[in-house]
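Q:
Protein chains: 2
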Amino acid sequence: MNESTRAKRQSQRVTADEVARVLGVSQSTISRAFTATASISDEMRTRVMATAAELGYQPNVIARSLMTRRTNIIAIVLPNLADPFYTVVLDELTQRLQPRGCQTLLFVPTPGQEVDEILPTLLQYQVDGIIITSATVSSAMARACAKRETPVVLLNRYVPGLEIHAVSCDNVAGGRQMAEFLLGQHHRRPAFVAGQLEASTSMDRQSGFVGRLREDGVECLIEQGGDHTYQAGFDAALRLMLRPDPPDAIFFASDIMAFGGMDALRSNGFIIPDDVSIAGFNGVPMAAWASYDLTTIRHPFSHMADAVLELLGFGETEVPQSPTTRLIHGELMDRGSTMSRSPELKRLVRG
Amino acid sequence: MNESTRAKRQSQRVTADEVARVLGVSQSTISRAFTATASISDEMRTRVMATAAELGYQPNVIARSLMTRRTNIIAIVLPNLADPFYTVVLDELTQRLQPRGCQTLLFVPTPGQEVDEILPTLLQYQVDGIIITSATVSSAMARACAKRETPVVLLNRYVPGLEIHAVSCDNVAGGRQMAEFLLGQHHRRPAFVAGQLEASTSMDRQSGFVGRLREDGVECLIEQGGDHTYQAGFDAALRLMLRPDPPDAIFFASDIMAFGGMDALRSNGFIIPDDVSIAGFNGVPMAAWASYDLTTIRHPFSHMADAVLELLGFGETEVPQSPTTRLIHGELMDRGSTMSRSPELKRLVRG
DNA sequence: TTGAAAGCGTTACCAC
DNA sequence: GTGGTAACGCTTTCAA
């Protein structure tokens with residue numbers, strides 16, 4: 001008895017055992033008091049809760065999850081936190097998870113790190129679900145997750161044929177929308193600034209854009225940005241506009257690149273949109289700010305987050321057994337960074 | 352035997368027991384193979400690792416942490432993800448935690464939610480440390496954490512007398528620096544746009560700013576922003592500049608408010624800095640972008656993150672027993688959003 | 001409704 | 001160096 005007392009002292013944590021001893025009931029009773037569905041008398045529950053509060057007892061969710069096999073932790077993998085697109089995504093997801101009693105375990109792979117490398121680490125944490133943004137996983141890892149019954153949802157990446165759920169903006173359609181819009185504004189010499197070469201998002205936007213332009217017999221300049229950063233957009237814009245045959249519109253693979261491009265051009269005396277129209281993709285909040293007032297394809301962030309949670313099993317309906325891809329349409333936001341190249345229209349629109 | 356086989360089947364998870372059975376060794380051996388410091392023969396370790404990989408076994412860190420009392424999870428509490436200040440902080444912290452084998456459990460309190468309410472939830476997860484940004488905790492909660500030996504560090508909040516570690520930029524000094532700088536540029540009618548009334552960061556910046564101005568006999572206009580948002584800055588700037596006696600410089604409590612203010616003024620025909628100088632506080636990456644080119648007090652983000660980790664016990668040195676506050680000095684970034692009001696100087700500086 | 005006891009998947013201690 | 005066994009703090013049968 002002396003020994004057990006000392007043991008309790010050593011561990012500062014108050015356990016259910018301790019509460020039980022104080023109340024003179026069994027430890028199971030303490031557990032029941034904290035389980036909403038357990039059968040326990042109201043009186044007992046209040047008594048337990050009272051002394052629990054007094055002793056500062058809180059159930060250890062780690063120990064609990066060993067039995068329940070649920071940690072209430074969802075892992076979110078983001079390539080970086082510098083691009084506002086990802087912070088918006090993180091915000092939307094976290095805001096939905098918390099009211100459902102779930103916590104967000106954040107993971108930002110270091111530049112060279114593949115998602116496949118970090119997935120085992122996440123699985124070790126016995127997370128209840130994994131959301132992977134702008135990256136894909138090998139089919140081997142996908143199978144490993146499936147075997148453990150850990151739901152995985154890819155966000156902003158669509159991999160046909162992969163046995164995994166995915167939610168993505170329809171990038172091809174978005175590229176087409178933008179092409180159509182710029183054609184409607186009588187642009188005849190558009191350019192596209194690509195992001196990372198491997199990124200399917202960038203490639204799909206490009207193919208949709210270029211494809212639609214070609215249907216109208218309009219050729220597209222392609223400039224490699226390198227990556228989805230402010231600086232990449234900054235440099236690419238200058239390269240394009242300092243050509244002997246500069247474009248009359250530049251469509252950037254993402255908003256953050258467009259911001260860099262706009263800043264670069266303005267710093268060099270160009271007027272937007274008079275000298276060149278600028279468009280982006282994503283529709284981050286900043287794109288609506290007066291400084292940029294950027295025409296862009298807006299991701300339906302909240303719909304996407306809803307879809308992700310549904311595929312993770314948070315929805316009312318059953319999660320589809322077979323891998324499903326939810327392709328969501330973006331909305332073109334017609335703003336001040338683009339303008340019609342037709343003199344008549346210009347007069348009408350801009351007075 | 353039949354029964355146990357079925358049990359294993361049911362739980363898709365591969366356990367150490369399973370690996371042990373396959374290899375014909377004890378389960379302890381499996382555990383040792385995964386413990387770097389354990390005494391085990393090289394040959395055995397390779398054998399264990401091989402079959403573990405084959406069976407897809409990964410130690411369950413939840414079960415492990417029940418014994419080790421370490422989860423390798425650090426909780427980070429941020430008021431929001433819309434202000435780039437917090438995403439930079441989150442980025443810096445996560446980037447340092449991951450190489451140390453620690454994961455980030457993110458928590459963003461909903462608007463009405465107090466940190467004191469959510470702290471118990473975090474503690475239930477048995478996190479190894481808690482980083483709380485721009486908020487404080489009651490001394491009761493601080494004691495609760497201390498009792499559990501869970502280190503807590505406040506970031507961007509300095510609470511004298513509270514028994515808790517804190518890392519913060521010296522906001523009073525920052526306010527003074529900015530006052531001195533603007534006085535040096537011969538501003539005679541400065542204004543300060545405050546953030547949330549309760550926020551000590553905003554209040555300290557204000558008192559430093561106003562105090563230093565007063566030493567030179569310069570009065571300061573005070574405008575309440577309401578909160579640290581783009582929109583709040585937008586509205587406050589307009590209110591100030593539409594006064595009959597507008598200021599010649601506006602110092603915003605944070606960069607994000609300054610961005611809103613600059614956009615508002617430019618949209619209304621004001622030229623920055625010719626009509627009014629604009630300054631911010633935080634030094635987020637965007638402040639350096641050409642569109643804003645904002646004069647601001649730059650938080651030493653990496654030093655702050657280093658200091659936080661040190662106080663959490665990640666440093667080489669022992670963590671101070673008594674609550675320590677690390678007050679770090681910001682650096683004034685002299686950029687294009689401010690200019691001298693002295694004609695002579697103007698000619699010199701701007702050609 | 002309550003208590004006793006058997007897990008959950010590890011680590012840690014003790015023999016050998 | 002290795003195996004057996006007792007924790008870790010909880011949930012969940014099964015009896016009473």
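Sequences listed follow chains C and L, in order.
Numbering-wise (our numbering), the first sequence opens with residue 1 and increments by one.
Numbering-wise (our numbering), the second sequence opens with residue 352 and increments by one.
Yeah, the Cβ is synthetic: ideal placement off N, Cα and C, and Gly gets one too.
Bear in mind that the values here come from a model prediction, so they are computed numbers and not experimental data.
(1) Can you give me the Cβ contacts of C/Q126 inside the same chain, cut-off strictly under 6 angstroms, excluding the 5 residues immediately before and after it?
(2) Could you check what DSSP says for C/A7 in three-state terms: helix, strand or coil?
(3) Can you list the residues of chain C that L/T647 reaches, using a CB-CB cut of under 9 angstroms?
(4) Rounded to the nearest angstrom, how far is the Cβ of C/E301 from that of C/R100, given a contact under 8 angstroms?
(5) Under a three-way DSSP split, which group does C/M257 fall into?
(6) I'd like to know if the stretch 494-502 of chain L and the stretch 564-575 of chain L are in contact, where contact means that at least 3 CB-CB pairs between them fall below 8 angstroms.
(7) From C/Y292 to L/W640, what does the alpha carbon distance come to, in whole angstroms?
(8) So what's L/D614 in DSSP terms, helix, strand or just coil?
(9) Would you mind sorting L/V466 into buried or exposed? The rule is 16 or more other CB atoms within 10 Å of its CB.
(10) What residues of chain L sit near C/F107, judged by a beta carbon separation below 9 angstroms?
(11) Can you tell me whether C/P190 is buried or exposed, with buried defined as 16 or more other CB within 10 angstroms of its CB?
(12) Taking 7 angstroms as the threshold (C-beta atoms), are C/A173 and C/I130 in contact?
(13) Who pairs with L/V317 in a beta bridge, going by DSSP?
(14) Would you please verify whether the beta carbon of C/A56 is less than 7 angstroms from any beta carbon of chain L?
(15) Leaving out the 5 sequence neighbours to the left and right, which residues in its chain are closer than 6 angstroms to L/H516 when beta-carbon positions are compared?
(16) On a Cα-Cα basis, can you pick out the residue from C/R341, C/T338, C/H299 that is closest to C/I328?
(17) Pull up the distance between the alpha-carbon of C/R13 and that of L/P471, whole angstroms please.
(18) Ordered along the chain, which non-local residues of its own chain (more than five positions away) have a Cβ less than 8 angstroms from that of L/R590?
(19) CA-CA distance, L/I601 and C/P246?
(20) Near C/C145, which residues of its chain fall below 6 angstroms by C-beta distance, leaving aside the five closest residues on each side in sequence?
(21) In three-state terms, what does DSSP make of C/S340?
(22) What residue does the beta strand (DSSP E) around C/N282 start on, and which one ends it?
(23) Per DSSP, which one or two residues make a beta bridge with L/V518?
(24) Suppose the cutoff is 8 angstroms on Cβ atoms and the five residues either side in sequence are ignored; what does the same chain contact list for C/V352 look like?
(25) When the Cα atoms are used, what is the spatial distance from C/A237 to L/A587?
(26) Roughly how many angstroms lie between the CA atoms of L/I623 and C/T94, to the nearest whole one?
(27) Does C/F34 come out as helix, strand or coil in the three-state DSSP assignment?
(28) For C/T296, which three-state DSSP category applies?
(29) Does any residue of chain L have a CB that is nearer than 7 angstroms to the CB of C/A140?
(30) C/T229 versus chain L: which residues are under 9 angstroms apart at the beta carbon?
(31) Using the rule of at least 16 other Cβ atoms within 10 Å of the residue's Cβ for burial, across every protein chain shown, is L/R701 buried or exposed?
(32) Give me the chain C residues within the contact set of L/V412, using Cβ-Cβ distance strictly less than 7 angstroms, ordered along the chain.
(33) Quick check: the Cα distance between C/R335 and C/E92, rounded to an integer number of angstroms?
A: If we stick to the structure as given:
(1) T71
(2) At C/A7, the pLDDT of 32 sits below 50, so the modelled position is not reliable; the number obtained from the coordinates is stated separately. Helix at C/A7.
(3) Result: empty, since nearest Cβ-Cβ is about 16 angstroms, beyond 9 angstroms.
(4) It should be pointed out that residue 301 of chain C corresponds to Phe in this sequence rather than to Glu. No, C/F301 and C/R100 are not in contact; Cβ-Cβ is about 18 angstroms, not under 8 angstroms.
(5) helix
(6) no
(7) 12 angstroms
(8) helix
(9) buried
(10) T445, Q449, Q454, T455
(11) buried
(12) no
(13) Beyond the ends of chain L as shown, which are 352 and 702, falls residue 317 of chain L; an answer cannot be given.
(14) As written in the sequence, residue 56 of chain C is Gly, which differs from the Ala given in the question. With 7 angstroms as the cut-off, C/G56 counts as an interface residue toward chain L.
(15) V504, L662, P674, T675
(16) C/H299
(17) 13 angstroms
(18) E574
(19) 39 angstroms
(20) V152
(21) coil
(22) 277-282
(23) L/L506, L/R677
(24) A query on residue 352 of chain C cannot be resolved here, the shown segment of chain C reaching from 1 to 351 and no further.
(25) 34 angstroms
(26) 38 angstroms
(27) coil
(28) strand
(29) no
(30) Chain L residues near C/T229: none, gap ~11 angstroms exceeds 9 angstroms.
(31) Residue confidence for L/R701 is low, a pLDDT of 47 falling below 50, so the modelled location carries little weight and cannot support an answer.
(32) Q124, Y125
(33) 24 angstroms
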